[in-house]
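Structure record follows, encoded as structure tokens.
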Amino acid sequence: MAKYIGKRLIYMVITLALIATFTFFLMKILPGSPVASADKLSPEQRAVVEARYGLNEPLPVQYFNYMFGLVQGDLGISINQFKGAEVTDVILSRMGPSAQIGFQGMVLGTVLGILLGMIAALRQNTWVDYTSTFVAIVGISIPSFVFASLLQYWFGLKWELFPVALWKDGFMSSVLPSIALAMFPLATAARFIRTEMIEVLGSDYITLAKAKGASGSEIAFKHAFRNALIPLVTVLGPMAVSILTGSLVVEQIFAIPGIGEQFVKSIMVNDFSIIMGTTIFFSVFLIVIILLVDILYGVIDPRIRLSGGKS
Amino acid sequence: MEKILQVKDLELSFNTQGGEVKAIRGVNFDLYKGETLAIVGESGSGKSVTTKSIMRLLPENSAEFKSGEILFGGRDLTKLSDKEMQKIRGKEISMIFQDPMTSLNPTMPIGRQLTEPLLKHQKISTSEAKKVAIDLLRLVGMPKPELRMKQYPHQFSGGQRQRIVIAISLACNPKILIADEPTTALDVTIQAQILELMKDLQKKIDTSIIFITHDLGVVANVADRVAVMYGGKIVEIGTVDEIFYNPQHPYTWGLLSSMPSLDTEDAKLYAIPGTPPDLLDPPKGDAFALRSEYALKIDMEQNPPFFKISDTHSAATWLLHPDAPQVEPPLTVIERMKKFPGSRYYEGGVV
Numbered sequence: 005m006a007k008y009i010g011k012r013l014i015y016m017v018i019t020l021a022l023i024a025t026f027t028f029f030l031m032k033i034l035p036g037s038p039v040a041s042a043d044k045l046s047p048e049q050r051a052v053v054e055a056r057y058g059l060n061e062p063l064p065v066q067y068f069n070y071m072f073g074l075v076q077g078d079l080g081i082s083i084n085q086f087k088g089a090e091v092t093d094v095i096l097s098r099m100g101p102s103a104q105i106g107f108q109g110m111v112l113g114t115v116l117g118i119l120l121g122m123i124a125a126l127r128q129n130t131w132v133d134y135t136s137t138f139v140a141i142v143g144i145s146i147p148s149f150v151f152a153s154l155l156q157y158w159f160g161l162k163w164e165l166f167p168v169a170l171w172k173d174g175f176m177s178s179v180l181p182s183i184a185l186a187m188f189p190l191a192t193a194a195r196f197i198r199t200e201m202i203e204v205l206g207s208d209y210i211t212l213a214k215a216k217g218a219s220g221s222e223i224a225f226k227h228a229f230r231n232a233l234i235p236l237v238t239v240l241g242p243m244a245v246s247i248l249t250g251s252l253v254v255e256q257i258f259a260i261p262g263i264g265e266q267f268v269k270s271i272m273v274n275d276f277s278i279i280m281g282t283t284i285f286f287s288v289f290l291i292v293i294i295l296l297v298d299i300l301y302g303v304i305d306p307r308i309r310l311s312g313g314k315s
Numbered sequence: 328m329e330k331i332l333q334v335k336d337l338e339l340s341f342n343t344q345g346g347e348v349k350a351i352r353g354v355n356f357d358l359y360k361g362e363t364l365a366i367v368g369e370s371g372s373g374k375s376v377t378t379k380s381i382m383r384l385l386p387e388n389s390a391e392f393k394s395g396e397i398l399f400g401g402r403d404l405t406k407l408s409d410k411e412m413q414k415i416r417g418k419e420i421s422m423i424f425q426d427p428m429t430s431l432n433p434t435m436p437i438g439r440q441l442t443e444p445l446l447k448h449q450k451i452s453t454s455e456a457k458k459v460a461i462d463l464l465r466l467v468g469m470p471k472p473e474l475r476m477k478q479y480p481h482q483f484s485g486g487q488r489q490r491i492v493i494a495i496s497l498a499c500n501p502k503i504l505i506a507d508e509p510t511t512a513l514d515v516t517i518q519a520q521i522l523e524l525m526k527d528l529q530k531k532i533d534t535s536i537i538f539i540t541h542d543l544g545v546v547a548n549v550a551d552r553v554a555v556m557y558g559g560k561i562v563e564i565g566t567v568d569e570i571f572y573n574p575q576h577p578y579t580w581g582l583l584s585s586m587p588s589l590d591t592e593d594a595k596l597y598a599i600p601g602t603p604p605d606l607l608d609p610p611k612g613d614a615f616a617l618r619s620e621y622a623l624k625i626d627m628e629q630n631p632p633f634f635k636i637s638d639t640h641s642a643a644t645w646l647l648h649p650d651a652p653q654v655e656p657p658l659t660v661i662e663r664m665k666k667f668p669g670s671r672y673y674e675g676g677v678v
């Protein structure tokens, strides 16, 4: 197992280096300059600014400087969005709210989705099942920004249960954005669990469990549940992605000072180092999630655990 | 002998979108204490459905008891509630399934799968249940049972898995063990081992076995009595010798003729012509009549009753009616009958 994880860590570093390289050159191909008000500056002033951020060096030198900094954990300094602040500090200070709504959204969505899917499978072809399927379809097809606006309107403005936006009331402020983010994982989990539970409930070992005298709930929870979870683990990775991309939009709508909000703004003002830094941060996050998912696979399914490591 | 289970006039249908499939159309049999009753027949003859209905393992939204009763320990199993059935399943009646590769839960250590019925049906502690489970594994011939308790099904071979399934089914010393083609998915050498194991265990714990199979070789090996099923009915029932050496129903003749034997000289193996009846709309008379070269006119119109050949042997065919014409069974069957004292072709000697 340790050997396997070690191998995966090496792959992760290589993947990250590639992502950093691609993003770096793609950014350079883009028109526009981080020196936003370039027109108003005289050529001399502009040269001073560019020299300060190392933008006057030849491209390969810039690249190696950046990668060298990256290896040391230095993501550079913000050019115009935060005027000279360390990118690492910017990201770290912004991480809290994003992590909170992301985590809450993920947990809420997955747990409710699993419950919904289980109930639907156990009451197959009844109104419970149809309702659950309807919720799942709605959750997948309504974009998070529409859903976020609806939540703001009803729960924030009409019923005044939660703040409409901003990050001022601690947990209360995080409720609506978390719900908005939870919809996609909820719908996905419900669909996967329902399909899988129905298949598992029809399998031979469930019949054997019945033949042993197990009751309905013992069959559902002791025998079927764990087996039905296996394919859900596969989609946990993509769901984490959806939480990430979802938070870009949701943070804007709820005016939450998170990474997503800051990322969108940095793109608008062409803040090169912030864009690079955030991309790399998101990549690390995703790659770690994918590794965790693969490890989780082994925890849930013994067949994978043993074929992956020493048996 | 003590009757442990009585199935009386059992009729069961599946309600499907295409209509009512009459899967069991009046099945009668008794199971005696300590015996092995084999139920043979082709796919769709109703043998699996019959036994699954005893265990009430059929899907409740589509399977429906039409009439009849299944008497076990003074109670009619068709009328019990789900809760009451749960107390019988795994404790009084247990079951072994066809495919050992899929009948164990892949994400549960086999130790837990073994102790589950023990903890469910007997008032014992987890550690005691573990001890019993280890003994059971030893009983079914599993080497190093203590180590293997924590392992998962994929770490065992097919034959070993079937041994584990057998161990699970015997955990609570059931009065009846239903084996639904337990050796069909195994290769021949493992088949022989599993059959030996079952015969051995039956002696040790004195259980009655209902053995479903379509393999007549297996029947000859394990059974005391044989019931031949066709089209949702039993068409002939008798001791294993009576069925093999003095068969009376044309379907049994067909089955025996289509069994390869070492001294068959014909290169071509006999196959029963035609296809099984459509149980959505079962035939009025003898269900086998359309495929039988021995069919009489009455077979098309009236369902034959059971005619007694001996105390233990009866068959449902009009050929046994006193007014029926004498017909010659197929040659291979006559060869068999020559060895059976009491048959009209008997030539002396013993079976």
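As you go down the protein sequences, you meet chains A and B in turn. Using this note's numbering, read the first sequence as starting at 5 and increasing by one per residue. Using this note's numbering, read the second sequence as starting at 328 and increasing by one per residue. In this text, a Cβ means the ideal position worked out from N, Cα and C, and glycines have one as well.
Using a 10 Å radius around the Cβ and a threshold of 16 neighbouring Cβ atoms, would you call Met525 (chain B) buried or exposed? Per the 10 Å Cβ criterion, buried.
Which class does Thr602 (chain B) belong to by DSSP, given the choice of helix, strand or coil? Of the three classes helix, strand and coil, the one that applies to Thr602 (chain B) here is coil, per DSSP.
For chain B, check one thing: does any of its Cβ atoms lie closer than 9 Å to the Cβ of Val216 (chain A)? Checking the sequence, you will find Lys at residue 216 (chain A) rather than Val. Yes, Lys216 (chain A) counts as interfacial toward chain B.
Could you tell me whether the region 395-413 of chain B touches the region 198-208 of chain A, where touching means 3 or more Cβ pairs closer than 8 Å? No, the region 395-413 of chain B does not touch the region 198-208 of chain A.
What runs of the alpha helix (DSSP H), each 4 residues or longer, lie entirely inside the region 450-526 of chain B? Taking 4 residues as the minimum length, the alpha helix (DSSP H) runs contained wholly in the region 450-526 of chain B are 453-466, 472-475, 485-497, in order along the chain.
Check the C-beta distance from Ile260 (chain A) over to Leu185 (chain A) and give it rounded, since I have them as a contact under 8 Å. About 11 Å separates the beta carbons of Ile260 (chain A) and Leu185 (chain A), which is beyond the 8 Å limit, so they are not a contact pair.
Might you give, ordered along the chain, the residues of its own chain that have their beta carbon closer than 8 Å to the beta carbon of Leu20 (chain A), omitting 5 neighbours on each side? Hits under 8 Å: Ile284, Ser287, Val288, Ile291.
Does the region 551-567 of chain B come within contact of the region 602-621 of chain B, defined as at least 3 CB pairs closer than 8 Å? Contact between the region 551-567 of chain B and the region 602-621 of chain B is present, because at least three Cβ pairs lie under 8 Å.
With DSSP as the reference, label Leu398 (chain B) as helix, strand or coil. Leu398 (chain B) carries a strand assignment under DSSP once its states are collapsed to helix, strand and coil.
Is it buried or exposed for Glu563 (chain B), if we count other Cβ within 10 angstroms and need 16 for buried? If you draw a 10 Å sphere on the C-beta of Glu563 (chain B), you find 16 or more other C-beta atoms in it, and that means buried.
Measuring CB atoms only, is the region 351-367 of chain B touching the region 332-343 of chain B, in the sense that at least three cross pairs come out at less than 8 Å? Yes, the region 351-367 of chain B is in contact with the region 332-343 of chain B.
Given that Leu384 (chain B) touches chain A, what residues does it touch there, using C-beta distances under 8 Å? Here the neighbours are Thr211, Lys214, Ala215.
Check for me: the beta strand (DSSP E) holding Arg552 (chain B) runs from which residue to which? Note, Arg552 (chain B): beta strand (DSSP E), 552-557.
Going by beta carbon distance, what residues of the same chain come within less than 6 Å of Gln518 (chain B), once the five residues before and after it are set aside? Cβ within range, chain order: Thr510.
Verify the CB distance criterion: does Glu679 (chain B) have a CB-CB separation below 9 Å to chain A? The question about residue 679 (chain B) has no answer, for chain B in this structure spans 328 to 678.
How far does the alpha helix (DSSP H) with Asp568 (chain B) in it extend, from its first residue to its last? Where Asp568 (chain B) is concerned, the enclosing alpha helix (DSSP H) stretches over 567-572.
With DSSP as the reference, label Tyr359 (chain B) as helix, strand or coil. Secondary structure of Tyr359 (chain B) (DSSP, three-state): strand.
Per the DSSP calculation, Met422 (chain B) is bridged to which residue(s)? Answer by DSSP bridge pairing, in chain order: B:Ile505.
Since Ala152 (chain A) contacts Ile257 (chain A) with CB under 8 Å, what's their CB separation in whole angstroms? So it is a contact: roughly 5 Å between Cβ atoms.
If we define contact as Cβ-Cβ less than 9 Å, is Gly312 (chain A) a contact residue for chain B? Low local confidence applies: a pLDDT of 46 at Gly312 (chain A) is under 50, so the model's placement there is unreliable, and no value is given.
Taking Glu203 (chain A) as the reference, which of A:Asn274, A:Tyr157, A:Phe166, A:Gln128 has the closest Cα? For the residues A:Asn274, A:Tyr157, A:Phe166, A:Gln128, the minimum Cα distance to Glu203 (chain A) belongs to A:Gln128.
8 Å Cβ cut-off: residues of chain B touching Ile299 (chain A): What Ile299 (chain A) touches in chain B: nothing, since even the nearest Cβ is about 16 Å away.
Determine, using beta carbons only, whether Ser421 (chain B) comes closer than 9 Å to chain A. It does; some Cβ of chain A falls within 9 Å.
Starting from the beta carbon of Pro433 (chain B), find every residue of chain A whose beta carbon is closer than 8 Å, and list them in chain order. Result: Tyr209, Asn231, Asp305, Pro306, Arg307.
Listing by chain order, which chain A residues have their CB less than 9 Å from the CB of His448 (chain B)? Under the 9 Å cutoff, chain A gives Lys216, Gly217.
Does any residue of chain A have a CB that is nearer than 9 Å to the CB of Phe424 (chain B)? Yes, its Cβ sits closer than 9 Å to a Cβ of chain A.
Report yes or no: do the region 472-482 of chain B and the region 428-445 of chain B share at least 3 C-beta pairs separated by less than 8 Å? Short answer: they touch.
Please confirm whether Pro577 (chain B) and Arg663 (chain B) have their CB atoms less than 9 Å apart. With respect to Arg663 (chain B), Pro577 (chain B) sits apart: the two C-beta atoms are not nearer than 9 Å.
Under DSSP, the beta strand (DSSP E) around Leu339 (chain B) begins and ends at which residues? Boundaries of the beta strand (DSSP E) around Leu339 (chain B): 330-343.
Closer than 9 Å by beta-carbon distance: list the chain A residues that pair up with Arg416 (chain B), in chain order. Residues of chain A passing the Cβ test: Lys214, Ala215, Lys216, Gly217, Ala218.
Report yes or no: is there a C-beta of chain A within less than 9 Å of the C-beta of Ser454 (chain B)? Cβ-Cβ to chain A under 9 Å: no for Ser454 (chain B).
Express the C-alpha separation of Ala191 (chain A) and Met99 (chain A) in angstroms, rounding to a whole number. Rounded to the nearest angstrom, the two C-alpha atoms are 26 Å apart.
Strictly under 9 Å for the Cβ-Cβ distance: is Val562 (chain B) near chain A by that measure? For Val562 (chain B), the nearest beta carbon of chain A is not closer than 9 Å to its own beta carbon.
So Ile495 (chain B) contacts chain A; which residues on that side make the cut at Cβ distance below 7 Å? Simply Lys216.
Taking CB distances under 9 Å as the criterion, tell me whether Pro444 (chain B) reaches chain A. Yes, contact with chain A.
Quick one, which of A:Lys216, A:Pro64, A:Gln156 has its alpha-carbon nearest Leu446 (chain B)'s? Of the residues A:Lys216, A:Pro64, A:Gln156, the one whose Cα lies closest to the Cα of Leu446 (chain B) is A:Lys216.
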